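In this text, residue positions in the sequence shown follow our numbering: the first is 1, and each later residue adds one.
We treat Cβ as the ideally placed atom computed from N, Cα and C, and that holds for glycine.
Computed from a predicted structure; not experimentally measured.
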Amino acid sequence: MKSSPIKYYSTNLRAPEVSFREALLKGLAPDGGLYMPNSIPALSKNEIESLFFRDYQETAFTILKEFLGDEMEESSLMTICHDAYDFSIPLEKVFNRNYILRLDQGPTASFKDFAARVMARLMNYFASDGNQHFTILTATSGDTGGAVANAFHGFENIDVIILFPFAEVTEIQRKQMTTLGGNIRVIAIDGKFDDCQSLVKQAFTDASLAGQQLSSANSINIGRLLPQSVYYFYSWSRLASSPAEKIIFSVPSGNYGNLMGGIIAREMGLPVEKFIISTNSNDEVPRYLATGVYKTINPSVNCISSAMNVGHPSNLARIIALYGGIMDENGVIRKEPDMKRLRSDFYGTGISEEETRDTILEFYRKYGLLLEPHGAVAWRGLECYQDILKTDGYLAVSLETAHPAKFNDEVNRVLGFSAEMPDSLIGIIDKKEDFLKIENNYGKLKENILKR
Ligand SMILES: *Cc1c(COP(=O)(O)O)cnc(C)c1O
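Laid out in structure tokens, this is it:
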């Protein structure tokens with residue numbers, strides 16, 4: 001049984017520990033750090049073995065209750081898990097013991113649905129519980145906006161405001177945000193993604209907006225991470241031949257929230273042989289593992305796997321914290337983590353644009369299966385690691401984080417045909433859009449935040 005309830009500390013170590021509810025509703029800790037659980041519960045051997053017989057919703061409940069069991073009714077959590085995961089989660093065999101986990105069947109065809117849908121329901125639960133009203137303010141460069149808009153749509157106690165750079169998202173991505181209406185307000189900024197992000201930051205530090213109860217739905221929020229532990233347990237429990245069999249995961253990484261989910265799963269007892277950190281030319285983390293020197297990439301490099309164009313991943317501070325170090329919000333390492341353990345747990349690699357395209361082509365030719373650029377980066381990362389190991393005999397899962405049809409420009413360029421649209425995307429093209437366009441000006445944004 002649990003000894004004491006889990007509390008959440010800030011990675012900067014200069015803020016009080018808080019409950020999950022508070023960490024979720026605040027997003028960022030007041031000292032600028034990220035919230036982390038002060039202990040990660042280990043599942044017993046029996047509980048881990050029981051996962052072999054549980055479906056996805058039950059697996060999600062088993063994992064999340066470890067963190068939330070003290071703060072909400074188990075029956076409410078069970079309802080949330082059932083409600084959130086009403087889509088399929090295919091594991092596709094590629095060859096031997098090598099698989100693709102397709103996390104692209106949710107309503108916005110992005111793996112971000114997995115976290116956003118649970119997070120929205122948890123926030124709604126806690127808001128209704130205290131009869132409170134919250135406003136989620138989020139900047140997006142593409143996929144987050146759609147997943148968040150879709151996940152929060154229709155919740156009475158929560159308004160959502162999404163900022164996106166007018167000229168930098170695709171038509172599908174824009175329509176996934178702008179066709180919902182209701183409690184979802186979308187504002188196009190005449191600027192870059194970085195401008196959107198600094199406007200959001202400014203709003204969070206604006207004392208005169210304190211009454212608005214602003215909260216964040218970016219992956220700085222611990223509520224975005226915990227649900228992402230579940231599919232690691234789930235895929236292993238479908239594929240492992242015994243509870244002792246170890247597994248390799250290749251994770252296409254941008255802000256490293258997805259990977260953090262996997263790391264938490266391993267801390268809870270999932271037998272992971274290795275995590276492969278697969279990224280594009282924004283390879284500051286693989287370089288850090290190799291050299292021990294951390295250097296952000298600024299400005300970040302524009303690659304076709306666009307969700308990974310991140311020159312300083314926000315979740316790196318959490319990984320460093322779990323390995324005994326301290327990294328501040330500017331990316332300065334205040335205390336060295338255990339590099340030896342980091343290097344033995346992870347293999348990191350940066351995949352070039354040419355390799356990414358070659359992989360989309362080769363993968364299709366060899367196996368008849370489709371990958372989009374992010375999934376291709378992950379698969380190539382797995383191949384690199386297998387070259388080093390000189391074996392592909394381990395059980396291995398490579399994560400596909402978006403539906404190929406969301407990146408049809410690139411798929412078509414490489415293969416000469418487009419991926420078939422999933423139903424969720426077909427419907428959206430003809431829907432009516434509604435959004436506001438404003439200058440890159442904080443005063444204008446603030447006016448709109450106050451206008452609820
Ligand atoms: C967000 C995203 C990623 C990166 O995930 P992180 O958790 O930020 O590392 C990878 N692929 C796709 C398609 C994404 O939308």
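Per DSSP, MET421 is not a residue of any alpha helix (DSSP H), being assigned neither H nor E. In the DSSP assignment, VAL397 falls within the unbroken beta strand (DSSP E) covering 395-400.
Under a 10 Å Cβ-count criterion, GLU74 is classified as exposed, with fewer than 16 other Cβ atoms of the shown protein chains found around its own Cβ.
Distances taken from the Cβ of VAL169 to the heavy atoms of ligand 1 include none shorter than 8 Å. Per DSSP, LYS390 is not a residue of any alpha helix (DSSP H), being assigned neither H nor E. For TYR9, the uninterrupted beta strand (DSSP E) run begins and ends at 8-10, by DSSP. In this structure, the alpha-carbon of GLN212 lies about 11 Å from that of LEU137. DSSP places VAL285 inside the alpha helix (DSSP H), whose first and last residues are 284-291. Taking each of LEU239, PRO37, ARG21, VAL377 in turn and checking the Cα distance to ILE319, the smallest one comes out for PRO37. With 16 or more neighbouring CB atoms inside 10 Å of its own CB, VAL148 falls in the buried class. Taking C-beta atoms as the reference points, VAL377 and ASN280 count as a pair closer than 9 Å. Straight across, the Cα-Cα distance linking GLY106 with GLU17 is about 34 Å. Beta-bridge analysis with DSSP links ALA188 to PHE164, LYS437.
In the DSSP annotation of this structure, LYS431 is not part of any alpha helix (DSSP H), being labelled neither H nor E.
Each residue's CA atom was taken as its position, placing GLN57 and ASP83 some 9 Å apart. Just so you know, the alpha carbons of TYR385 and GLY427 end up roughly 40 Å apart. Closest in alpha carbon position to ASP113, among PHE95, ILE220, TYR85, LYS93, is TYR85.
Within 10 angstroms of the beta-carbon of ASP159 lie 16 or more other beta-carbons, which makes it buried. About 6 Å separates the beta carbons of SER235 and LEU91, which is inside the 8 Å limit, making them a contact pair. Here SER215 carries a strand assignment [DSSP, helix/strand/coil]. One alpha carbon belongs to THR170, the other to GLY142, and they sit about 7 Å apart. Per the coordinates, the alpha-carbon of ALA60 lies some 7 Å from the alpha-carbon of PRO227. If you check the CB distance, LYS274 and PHE249 come in under 9 Å. In the displayed model, PRO252 falls within a strand according to three-state DSSP. Annotation: ALA42 is outside any beta strand (DSSP E) and is labelled neither H nor E by DSSP.
Take ILE40, set aside five residues on each side of it, and the residues of its chain with a beta-carbon closer than 7 Å to its own are ILE264, GLU267, MET268, in chain order. By the Cβ criterion, the segment 206-223 is not in contact with the segment 42-58, since fewer than three pairs of Cβ atoms, one from each stretch, lie closer than 8 Å.
In the displayed model, GLY331 falls within coil according to three-state DSSP, outside both helix and strand. Contact between GLY311 and GLU284 holds, with the beta-carbon distance rounding to 6 Å and staying under 8 Å.
Secondary structure at ASN309: coil, using DSSP grouped into helix, strand and coil.
Distance from the CA atom of ASN98 to the CA atom of VAL397, rounded to whole angstroms, is 6 Å. Of the candidates THR296, GLN132, ASN255, LEU415, the residue whose Cα lies closest to the Cα of LYS366 is LEU415. Beta-bridge analysis with DSSP links PHE275 to PHE249, PHE346. Under the three-state reduction of DSSP, SER110 is assigned to strand. In this structure, ALA116 sits near ASN150, with a CB-CB distance shorter than 9 Å. If one requires a minimum length of 4 residues, the alpha helix (DSSP H) runs lying completely within the segment 338-384 are 339-345, 353-367, in chain order.
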